[in-house]
Amino acid sequence: MISGGNQQSLQGVASSSSNTIIDYGSNPTVGGGSNFQMGLEAEAMAFMISLKKGLHSSVVAQQIQSVVRFTDLITEYPLPIIANSTLLKLADVFRDCNNNFVRYWIVSVFEEVKGELLKVLNQEELIRRISAVLGSNDPIARSLALRMFGHMAEILSDRTDLHHLIEKNLLTCIEGYERESCVVAIEQICSSSKQFASQILPQIEILLNDIKSPPQAKLSLIRVLRHMHSDVDTVNRTFKLCSETLLRAYPTTPFILAIIDTLTQLAQNSVFIGKDTFKLLFNIFELDGRKKVKIACLNNITKLSKYLSDTYTLDFPFDMLSKFLNNSPFDSIKTSILKLLASLSYSPFNVKQCFNFSDKNNVIHTVELLLFYQKLEISDLAFEIMINAVRHSNQSEQVLEPLLKNLSRAFCFSIPYRVRNNDNLFFIKKICEYLVRFIKSFPSYAGLITKTLLGEIGNICVSISSNQISQKQEFLRSSNMYFSKCLLKFSSHCPNVLVHHLMAIYETAATMNLSDEIIVNLYEVIFQALYINRHKNFNNEFSQTNIKALIETKRYWCLYLIAKNAMFYSHFSLSESILGIVKDKVEEEATSFYLKSLFLWSSAEHLAMKNYMKMQDVSFVETDILQNCLQMLDQATMLLKASGISNSGFQQLYFGQRRLFIESILNLTLHLSNFNEPRNTATSNAVFQHQSQVFTSLSDKLNDMINSFFDIDMGSAKTLELQALACRVISKAISTILVDHSVSSKANTTLQASSKPIGEMYHHSALDPLFVQCQHILKSLESFDTNKPYNKSVLIHRIILAILKAGAPVPQFFFNLTPHTAPKLEIEINNTHNIFTKPVTAILGQGLVIKFSGYITQQRKQATTAHQRKVKSVCLTIEKKLISSSATSQTEGNFTTTNNDLEEVQKFIIPVVEQSFQRKCLCHFKSEGRYQLAIRTQMVDENDCYIWWTSNLAVSDVNSLTSYGSDEKRHIAIVVDVKPLPLIANRLAL
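Be aware that the sequence shown starts at 162, since it is given in the numbering used here, and climbs by one per residue.
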């Protein structure tokens, strides 16, 4: 069964809900928050009391079970009173308990909740209870206490007494595990306390020089030195200790690796020693013969180069690196060198300074030889370096041309090599990424690579047929998929090059054992190349070969996907022929209705594109064809509704806008026929001014469609903007050619103001035919001379025909099953939810307390890597309108009708936290009477773009609210009766 990807429209919810979402902590003005917090505290206290009972159990297993659950208590109820009580109680147990196993689990709890330690009010008492264990005679207990202090580093940064205590323990401890715990605690405290770091350095230096210190302890102490960046003197002392003393005293591999890593991390936090660190690392790399040490040096140089912004001031020994690339027998060393060069190649300054293409001894030519290396990881890095180098180079074309040709040949060699000598898709994916980057910068080399990809797709199809190993077949199919997607990306960067290879793509697409997705990708390459090059008449050649073969093999789903992609690029003749066959090949009636609606729509668009009638070598728009188009569009809309497809709001709305466009063109041509040569009269001016405003309004509606659907993709938004631009161009053409500006200066000013930002508002690809046509028309209109004897009617016909022939690509959002993003809103007024069935009563002078609670519903995208916009905040707008007023002399319920003037507008920006939002506001009224509150919502994405989830058009009639792309109301309307303060209240006030 074939199912069109039905579009889900955005819908707002304007009904009350029984469940209120409370964001307790983000908005202190929310009423009822204190009651909620009191209930939360009571629930947490009950939980804590039940856990405390387990702590006093005589069974160790029950004690440990209770201790472990304290983590859940603190994380589920992150309240200061809970954190304070719980952690103090655990500290009590840690001090008084004689079982080190229980203490171990208490340390684990502190490790998991150390972020909550700042909430403890009695930090002094907490530290005192842990310190009591540090004076114990049990070395295991002391070790656990030191671990505990390490996890409490955030609250110990200024405790000099504890610093001295830990320092003393470091010098006096005997057991290895206690010393290890002490070093761990020192490292954690040094990371948060600069004072302690500079204070402990002399003691660490003594222990490192002491021959009695165990080697493992010295390794741990060396790693602590990375935190010694509190001041310049400490940094210089640490660097001198590592580079001069420790490197000579401890030449074994573990010590060298630890020292290298420590110096690198120290240089990342103290950039003024970065240059000296680079020199030291390169010296170790050159002089030390151990492979592990060389690789560690290169990896740390690469890591450090990413942190330093002034790498161009450093002298990299490229001659030495080139020597090692040529002579080293180890691929791991070559890989590390290439990773360093790849990191440097992303900087244009480094490329211009370091990679000299004209120098034959330069390292870049050594990298060029590695493009053909057997190990694919090294080959990938070579491709990455070469692509970055040629992109950022300022060398002449004569110097770069041999490199580019060699690079393209390397691509052509690597593609089949990776398929035949590799079974890892990662390397297929990487070569495709590099291909796209290369062709994006140098599109003239796409022809040779396209031939290679097409040939490899055909060879893979043969290999799949002959290969019986299922795992290898899956690898080959996936490789074909990546290659087809690579070609598809080529078509967006160099369609003018691919248009010369269409026959080869046709032949490859005709291969019968290709999957549907690969065939569709290849056809989309054809569609895009033909669309950009403005070739429309290819349906006969195409349908006689490939389409006929697909029909014979009953691949109807593939045909439907091809028709859908054809509509994306205005190839409605092809989609019409395909849908005419597919629409009768489905079982369900609803699906058949849907396909028939698409068929009629394609027929109407195809008919509109070829709508012209020649009379004496002059083309005119034929009104009969336009009327037939309107009938087809009406039938298509009716069938779309009859299909019962859910969430078709965008589809119906787009159908409606296209119908309005064709209808507006029809009306314009009919008016032109009434004025064979438009005369500069007030009547003709009024008629054509109105026609110009119709197209301007249609342009605004197309732009409004973009702001009505939060989940619309960028490509679809640009397509709608392009069609809005076409409407603006027609409007400007009518205003410029047909309207006499001297007759009605007011109307002329309005039209010019609306047409002024045309060139500034729309930014599209310079290759898009519709955009190119619109730009050409605009330039012609700028030079239009009203004093010359033009045939104005013929000019308008030519402009309309040019826009119709360019086609109207279908937005991809039309077919996508997109995630549905909308706010669910609950409104509470004066602590009641019953606000829609009857008017809400308000007292003059007191106002209304309105509480908004809601959450964002958003279905996640599946099987796609496209970015999904997130809702950053919600903008609430409250408009107050006085419907009817009540004089003080009149009896209650006696109202006088007003003119519905807008009294006040209140606007609030509410942040969305974890998909929820909440706000409380006060709404005042100036006089007695009946008011209507119109509440509108906007969603703001991460780029601070306001997106309407309902229409931004105001409608005063509550009973006549209709949908704009959905079945929901345009806004939430609430009726409020404002009454005077009761007399009893007035007397009490007196």
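Glycine included, C-beta positions come from ideal geometry on N, C-alpha and C. No experiment lies behind these values; they were computed from the predicted model shown.
Asked: Pick from Ile-327, Lys-1031 and Asn-555: whose alpha carbon is nearest that of Thr-1018?; Found: Lys-1031
Asked: Kindly list the residues whose CB is nearer than 7 angstroms to the CB of Leu-287, restricted to its own chain and excluding five residues on each side of it in sequence; keep chain order.; Found: Leu-248, Leu-249, Ala-252 and Val-281
Asked: Since Gly-1090 sits in a beta bridge, which residues does DSSP pair it with?; Found: Ser-1046 and Val-1139
Asked: What do you get for Thr-897, buried or exposed, if any count of 16 or more other CB atoms within 10 angstroms of its CB means buried?; Found: buried
Asked: By the three-class DSSP mapping on this structure, what secondary structure does Ser-170 have?; Found: Here Ser-170 scores only 32 on pLDDT, less than 50, and its place in the model is too uncertain to base an answer on.
Asked: Less than 7 angstroms separating the beta-carbons of Ile-548 and Arg-598?; Found: yes
Asked: Quick one: what does DSSP say Gln-535 is sitting in, helix, strand or coil?; Found: coil
Asked: DSSP state of Ile-327, grouped into three classes?; Found: helix
Asked: Write down the C-beta distance between Asp-795 and Pro-1000 rounded to the nearest angstrom, noting that I regard them as a contact closer than 8 angstroms.; Found: The Cβ separation is near 42 angstroms, so there is no contact.
Asked: How many angstroms separate the CA atom of His-924 from the CA atom of Glu-1103?; Found: At His-924, the pLDDT of 44 sits below 50, so the modelled position is not reliable; the number obtained from the coordinates is stated separately. Rounded to the nearest angstrom, the two C-alpha atoms are 22 angstroms apart.
Asked: Excluding the five sequence neighbours on either side, which residues of its own chain have a C-beta within less than 7 angstroms of the C-beta of Ser-1034, listed in chain order?; Found: Ile-1070, Ile-1071, Pro-1072, Val-1073 and Val-1101
Asked: Suppose you measure from the CA of Ile-1004 to the CA of Gln-1099; what does that come to, to the nearest Å?; Found: 30 angstroms
Asked: Assuming contact is defined by CB atoms lying nearer than 7 angstroms, are Val-686 and Leu-722 in contact in what I supplied?; Found: no
Asked: Roughly how many whole angstroms lie between the Cα atoms of Cys-593 and Phe-976?; Found: 27 angstroms
Asked: Quick one: residues in its chain with C-beta nearer than 6 angstroms to the C-beta of Gln-349, no 5 flanking neighbours on either side, listed in chain order?; Found: Gly-311 and Ala-314
Asked: Please list the segments of the alpha helix (DSSP H) lying wholly inside the region 324 to 405, counting only runs of 4 or more residues, in order along the chain.; Found: 337 to 351, 355 to 370, 376 to 385 and 393 to 401
Asked: Which word fits Ala-207, buried or exposed, when buried means at least 16 other C-beta atoms lie within 10 angstroms of its C-beta?; Found: exposed
Asked: Count the other CB atoms, across all protein chains shown, that sit within 10 Å of the CB of Ala-428; report buried if there are 16 or more and exposed otherwise.; Found: buried
Asked: Are the beta-carbon atoms of Ile-417 and Val-454 separated by less than 7 angstroms?; Found: yes
Asked: With a CB to CB cut of under 6 angstroms and the five nearest residues on each side skipped, what residues in its chain are close to Ile-1044?; Found: Arg-1091 and Gln-1093
Asked: Counting C-beta neighbours from all protein chains within 10 Å, is the total for Gln-1051 16 or more, i.e. buried, or is it exposed?; Found: The pLDDT assigned to Gln-1051 is 41, lower than 50, so where the model puts this residue is not dependable; a value taken from the coordinates is nonetheless given after this. Per the 10 Å Cβ criterion, exposed.
Asked: Which of the three DSSP states, helix, strand or coil, is assigned to Ser-1014?; Found: strand
Asked: Return the residue from the list Pro-300, Ile-739 and Glu-272 that minimises the CA-CA distance to Lys-709.; Found: Ile-739
Asked: Closer than 7 angstroms by C-beta to Leu-459: which residues in its own chain qualify, once you throw out the five before and the five after it? Chain order, please.; Found: Phe-446, Ser-497, Ile-498 and Leu-501
Asked: Is the number of C-beta pairs between the region 292 to 302 and the region 325 to 341 that are closer than 8 angstroms three or more?; Found: yes
Asked: Nearest-angstrom Cα distance between Gln-936 and Phe-849?; Found: 22 angstroms
Asked: Could you pull out every residue in the same chain whose Cβ sits closer than 7 angstroms to the Cβ of Leu-614, ignoring the five residues on either side in sequence?; Found: Ile-576, Phe-644, Cys-647 and Leu-648
Asked: If you compare alpha carbons, which of Leu-899, Phe-856, Asn-868 and Asn-657 is closest to Thr-842?; Found: Leu-899
Asked: Below 7 angstroms CB to CB, which residues in the same chain sit around Gln-1007 once its five sequence neighbours on both sides are set aside?; Found: none
Asked: With three or more beta-carbon pairs closer than 8 angstroms as the criterion, would you say the region 805 to 823 touches the region 984 to 994?; Found: no
Asked: So for Glu-1065, helix, strand or coil by DSSP?; Found: strand
Asked: What alpha helix (DSSP H) runs, 4 residues minimum, are completely inside the region 199 to 270?; Found: 221 to 237 and 241 to 257
Asked: Which value, in whole angstroms, describes the spacing of the CA atoms of Arg-387 and Met-309?; Found: 22 angstroms
Asked: I need the boundaries of the beta strand (DSSP E) containing Leu-407, first residue and last residue.; Found: Note, Leu-407: premise wrong, no beta strand (DSSP E); not H, not E.
Asked: Using 10 angstroms around the beta-carbon of Arg-959, count the other beta-carbons present and answer buried if the total reaches 16, otherwise exposed.; Found: buried
Asked: Starting from Val-1001, trace the beta strand (DSSP E) both ways and give me its first and last residue.; Found: 1001 to 1004
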